[in-house]
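Read through the structure below, which is laid out as C-alpha cells, and then see the notes.
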Amino acid sequence: MHATLPLLQATDFPPLRRRALETLQVNLGYRCNQSCLHCHVNAGPRRTETMDRDTLALIPRVLAARRLTVLDLTGGAPELHPGFRGLVRAARALGVKVMDRCNLTVLLEPGLEDLACFLAEEGVEIVASLPCYSAANVDRQRGEGVFDKSLTGLKILNELGYGRDGSGLVLNLVYNPLGPSLPPPQAALEAAYRRELAEHFGIVFNHLYTLANMPIQRFGSTLVSKGQFTDYMRLLRENHAAANLENVMCRSLVSVDWQGWLYDCDFNQQLRLPMSGRGRPHLRDLLDEDLEGRAIQVADHCYGCTAGQGSSCSGAL
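Going by my numbering, 741 is the number at position 106 of the sequence shown; the sequence numbering is gapless.
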C-alpha cells in the first residue's frame, strides 16, 4: 500500500488551536467484518490490533476526570471488541452520551444477534455507514451483498424505535462519495435518502451526514495507484472554505488509538501524525492534564475537512 503522509506533510493549511475538550473518540481496534474501499483505517477481518483491558479501564476514569459529554466509539467495527458492552454501560452510568459508529452488517454477525437490543436499552446513538441508497453503488464500495445486509440492520433498528419520532433513539446515516469527488450538499442528499429509503424499503432515520473521503490509508493508496492523488488534493484545496475552520472537530475532540495514544483527530491517528508539543501524550495523561489552547497538528489532508460545505465526524460544517 502506498504511504501518503510524505505527500501531505508540506502544507499551508491555516494554524489551529484547541478549545475545551468535549468528545473522547476511541478506536477500539482495527478488526472489522468488512473491507471497504474508502476506509481510512484500512480495517478488515484479518486485523488483530485491539485495545487491552488496562487501557479500556482508563476510559471511564478520563470521562469523569475531564467531565466529558460524549464518548464516540469507532474501529474497525467497535462492537467486535469483547469489552464494548462493559465500556458502554460504564459511560452511560456517568451520564455520558455514547455514539457507536456502526457498519450495520455487524448486527447480523453470529453471536451478536442481541446487539441491537443492547444498544437500544443503553440509549446509544448510532452513526451508521450507508454510502448510497442504491444496491449497486454500496456493493461496489463495500462488498457484494452488503447493501441487503445493511437494510436488514436498519429494519432491525427501526423495529426497536431507532430513527422514529419520540423514541429518543437516534439513528444517523453516513454518506461517502464513491470516488475522488466532494460530497453533494448535505440537506438535498438527506431529502433524497429519506424519500428513497422510505418509499422503497420503509426505513426511517434522523439525519444524514456527508463526509469527504480522506486521501490516506486504503483510499489514499488507491488514488496514488490510479494517478488521481494530485488532482484530488487540488480539488480539496481549491474548495477550501475558511469559515469551516471554526467548527472542525479537532477543536473539541481528541482521538485515542487502540494502544491509548492521543491524536488530534482520527485521520492524524491513521497517519501516525503526533500531537504537537513535547512527548507523546497518552490517555492516562488526560487524568491530570487539560489540552485546551494546544496547537493542532495539521497537514494537507486537513483540506478534506474544510473543502466545500465542510466535513467532520458530524457531517457538513
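We treat Cβ as the ideally placed atom computed from N, Cα and C, and that holds for glycine.
Bear in mind the structure is a predicted one, so any value in this text is a computation, not a measurement.
Within the region 830 to 882, complete alpha helix (DSSP H) segments of at least 4 residues are found at 852 to 860 and 864 to 873, given in chain order.
Boundaries for N807: no alpha helix (DSSP H) harbours it, while the beta strand (DSSP E) harbouring it runs L806 to Y810, taken from the DSSP string. In the three-state scheme derived from DSSP, where H, G and I count as helix and E and B as strand, A930 is classed as strand. Comparing alpha carbon positions, the residue from C937, A751 and R830 closest to Y768 is R830.
In terms of Cα proximity to A930, the closest of Y898, P815 and A826 is Y898. Among the bridge pairs identified by DSSP, Y938 is matched with none. Annotated three-state conformation of C767 is coil, per DSSP.
If you draw a straight line from the Cα of F840 to the Cα of Y797, it comes to about 7 Å. Shown here for L703: same chain residues with a beta carbon closer than 8 Å to its own, the five before and five after excluded, namely L656, E657, T658, L659, V697 and V731 in chain order.
L651 places its beta carbon less than 9 Å from that of R886. Bounds of any beta strand (DSSP E) do not take in L656, whose DSSP letter is neither H nor E.
Cβ neighbours of A700 within its own chain (closer than 8 Å, five residues either side excluded): L921, L922 and D923.
Cβ neighbours of G895 within its own chain (closer than 8 Å, five residues either side excluded): M686, T690, L693, H917, L918 and R919. In the displayed model, R696 falls within a helix according to three-state DSSP. Annotated as proximal: F648 and A934, with beta-carbon spacing under 9 Å. Taking F864 as reference, the option from S816, G914, T941 and Q944 with the minimal CA-CA separation is S816. Counting along the chain, V781 sits inside the alpha helix (DSSP H) bounded by residues V781 to E794.
The C-beta distance from C667 to G710 rounds to 6 Å, short enough to fall under 8 Å. The three-state reading of DSSP puts T685 in strand, counting E and B together. DSSP places D901 inside the alpha helix (DSSP H), whose first and last residues are D901 to L906. In this structure, I851 keeps its C-beta atom at 9 Å or more from the C-beta atom of Q932.
The beta carbon of G855 sits closer than 6 Å to the beta carbons of T639 from its chain, once the five residues preceding and following it are set aside; these are given in chain order.
In this structure, L871 places its C-beta atom within 9 Å of the C-beta atom of A847.
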